[in-house]
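Notes follow the structure.
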Amino acid sequence: MTTGKINVSVENIFPLIKKFLYSDHEIFLRELISNGTDATLKLKHLISIGEAKVEFGNPVIEIKIDKEGKKIHIIDQGLGMTADEVEKYINQVAFSGAEEFLDKYKDSAKDSGIIGHFGLGFYSAFMVAEKVEIITKSYKDEPAAHWTCDGSPEFTLEPADKTSRGTEIILHIAEDSLEFLEDSKISGLLNKYNKFMPIPIKFGTRTETLPKPEDAPEDYVNETIEVDNIINNPNPAWTKQPTELSDEDYKNFYRELYPMQFEDPLFNIHLNVDYPFNLTGILYFPKLGSDMQIQKDKIQLYQNQVYVTDNVEGIVPEFLTMLKGVIDSPDIPLNVSRSGLQADGAVKKISNYITRKVADKLKALFNENRADFEEKWNDIKIVLEYGMLSEDKFYEKAGAFFLYPTVDDTYFTLEELKEKLKENQTDKDGKLVVLYAGNKDAQHSYIETAKEKGYEVLLLDSPIISHLIQKIEGDNKDVTFVRVDSDHIDNLIKKDENTISKLSDEEKETLKTSLEAYIPKAYSVQLEAMDSQAAPFIITQPEFMRRMKEMSQSGGGGMFGMGNMPEMYNLIVNTNSDLATSILNTEDKTHQEHLVKQALDLAKLSQNLLKGEALTAFVKRSFEMIK
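Count along the sequence shown starting at 1, add 1, and that's the number in our numbering.
Shown next as structure tokens:
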């Protein structure tokens, strides 16, 4: 037996590890299983290149809990270690087994994606254990070794009687970590971190019922057997080629990732790149609708099938964090506990690649089956709108598939829209006016008035649409978007022809003075000569003020505090209506006030602005009128 001190630069490295190196104690299991996986994959690689003359077999990694003895055993059937290798890889922290392995077999190892993190990862065991033992036998024909350390730099190393290849790590759990001796706790951790590890992981056994034989008698009782409880799927969908997977396979994997999600995803995007970095994964578009809801089930980040985090900020462009799925890359630089990203040029490249890949997939879906794409539009539009606002590269590509729906459920790209509207909706200054509604029911009368003129009205109802409209107008100087209730229809798309007013300028001044005496200050009174059959009073919201207010409420907009401004409205009075003439010619001031208030309330009612006490008074007054 040999004893000695671990060659560490700081005498009390173990308390440091326990306190500072790893922010989350539970990851000890992930690290130790990762090491066992690396050891198994390395052996497989050495066998494949003829370096190891042994049978690979069907290795598993086994986790055992000894509650009475307060121990956890992690057992692998990988390449194991000789006593010299234990001395080197475990005691000399500065040397990483993975680095040496990479150096020796760098040309062939890189391709197999098995570069592990042996070294500091092992020492995470001391976050939960007061003593750690390693019993290990190398695939080489050498004696087994038994290493013991109690969390100080002192260790013992002696021969062991282990005869099977591989490594067993025994953790003597500390009093402050006894929760890790519960089956449910370990089961939860295995499910979180090791669900898709590439080597089968065994945790206990389970009972399986054998199928009933065809010739069994009626009173036959099904036999049951005990089988290994393998908790992981070593070959998840993202590790396969898209050609190997059907739509059903993708849906099944989605259910495997998110067992509590009961709706199928709309479609998926399979990521697969090996230059200039390695990255695989599958992203799913879930049904989102118009609300930018907080994500419960996020995109999961893996490194060589080991779960790292669901905080993918920086790797995935922000607008795609509303998606679900998996990204796996050995090239993502993580800090020593694998719990956070390090700033790195590769991360930006990965983010750009994902943006491009998503844009290309959306374009392909649009081209392959436009009807299906249109059907899903309302469930994906919020992601695309957010992407166009936040990522210039996505904005450039999105013009080919971003859709503008009308109130009648037809869909246009921007170029199609320009072509469709240019003849009828170009104003006298040569500007194309795109009319839109934010709410079909609330703006129904305005939509109908526009349609009577033969105009198309879009339905743009997302919370960030004002920001996007602003950006599109900035890039298309000959196009302006105007909400259909922001002015009288003849003012929205100004043509050369003018309607002549029945009232003289003097009469208009008198009428305006009378109206302003009874109308609240929140309404700006405007007199317009319109068709005599048009509504006498129309309430509109100025496009610029309303848009700025909306942009301020949903973030940005460039005008401080605008989201808190009171609502401003225009009251357009049709000077050619009979009501305008009646108000002008009424001598009785009480009757004049009554006419104005009744007409204003009717206009407010059509805009869904009449509520509470004012609505009650209006209904009561209206019933009095028809007695």
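Even glycine gets a Cβ: it sits at the ideal position worked out from N, Cα and C.
| query | For T149, which of helix, strand or coil comes out of DSSP? | reply | strand
| query | Is the distance from the Cβ of L528 to the Cβ of T576 below 8 angstroms? | reply | yes
| query | Using the C-alpha atoms, what's the distance from K325 back to F254? | reply | 12 angstroms
| request: Tell me where the alpha helix (DSSP H) around H271 begins and ends. | output: Taken as a continuous stretch (DSSP letters only), H271 belongs to no alpha helix (DSSP H), being part of the beta strand (DSSP E) at 268-274.
| Y285: first and last residue of the uninterrupted alpha helix (DSSP H) it sits in | No alpha helix (DSSP H) holds Y285; the beta strand (DSSP E) holding it covers 280-286.
| Under three-state DSSP, which class holds Q304? | strand
| The alpha helix (DSSP H) enclosing D476, as first and last residue numbers | 466-476
| task | Go to I200, then tell me how far its beta strand (DSSP E) extends in each direction, as first and last residue. | result | Premise fails: I200 is in no beta strand (DSSP E) and is neither H nor E.
| task | Could you give the DSSP three-state label for T617: helix, strand or coil? | result | helix
| message | Assuming the contact rule is C-beta atoms closer than 8 angstroms, A372 and A399 should be a hit. Round their C-beta distance to whole Å, please. | response | A372 to A399, Cβ: 19 angstroms. No contact.
| query | Do I76 and E169 have their C-beta atoms within less than 8 angstroms of each other? | reply | yes
| task | Count the other CB atoms, across all protein chains shown, that sit within 10 Å of the CB of L211; report buried if there are 16 or more and exposed otherwise. | result | exposed
| task | Pull up the distance between the alpha-carbon of A438 and that of A523, whole angstroms please. | result | 22 angstroms
| request: With distances taken Cα to Cα, identify the nearest neighbour of V87 among S463, Q301, E159. | output: E159
| task | Report the option in D532, N492, P60 whose CA atom is closest to the CA atom of V434. | result | N492
| message | Are the CB atoms of V228 and E209 within a distance shorter than 8 angstroms? | response | yes
| Does the beta carbon of K590 come closer than 8 angstroms to any beta carbon on chain D? | The structure shown contains no chain D, having only a single protein chain.
| query | Taking Cβ positions, are I187 and I64 nearer each other than 8 angstroms? | reply | yes
| task | Grab me the residues of I501's own chain with a C-beta within less than 7 angstroms of its C-beta, minus the 5 sequence neighbours each way, in chain order. | result | A530
| field | Alpha carbon of L504 to alpha carbon of K472, nearest angstrom | value | 42 angstroms
| C-beta atoms of V129 and I66 nearer than 8 angstroms | no
| task | Pull up the CB-CB distance for L436 and V485, whole angstroms please, since I reckon it's below 8 angstroms. | result | 5 angstroms
| alpha helix (DSSP H) segments (min. 4 residues) lying fully within the stretch 222-258 | 248-258
| query | Buried or exposed: which applies to I627, given that a residue is buried once 16 or more other Cβ atoms fall within 10 Å of its Cβ? | reply | exposed
| query | Got a sec, what are the start and stop residues for the alpha helix (DSSP H) F57 sits in? | reply | Element bounds for F57: n/a, residue is neither H nor E.
| said: Residues in the same chain with beta-carbon distance under 8 angstroms from Y308, minus the five sequence neighbours each way, listed in chain order, please. | reply: R31, K193, Y194, N195, K196, F197, Q301, L302
| query | Given that a residue counts as buried once 16 or more other Cβ atoms are within 10 Å of its Cβ, and exposed if not, what is D177? | reply | exposed
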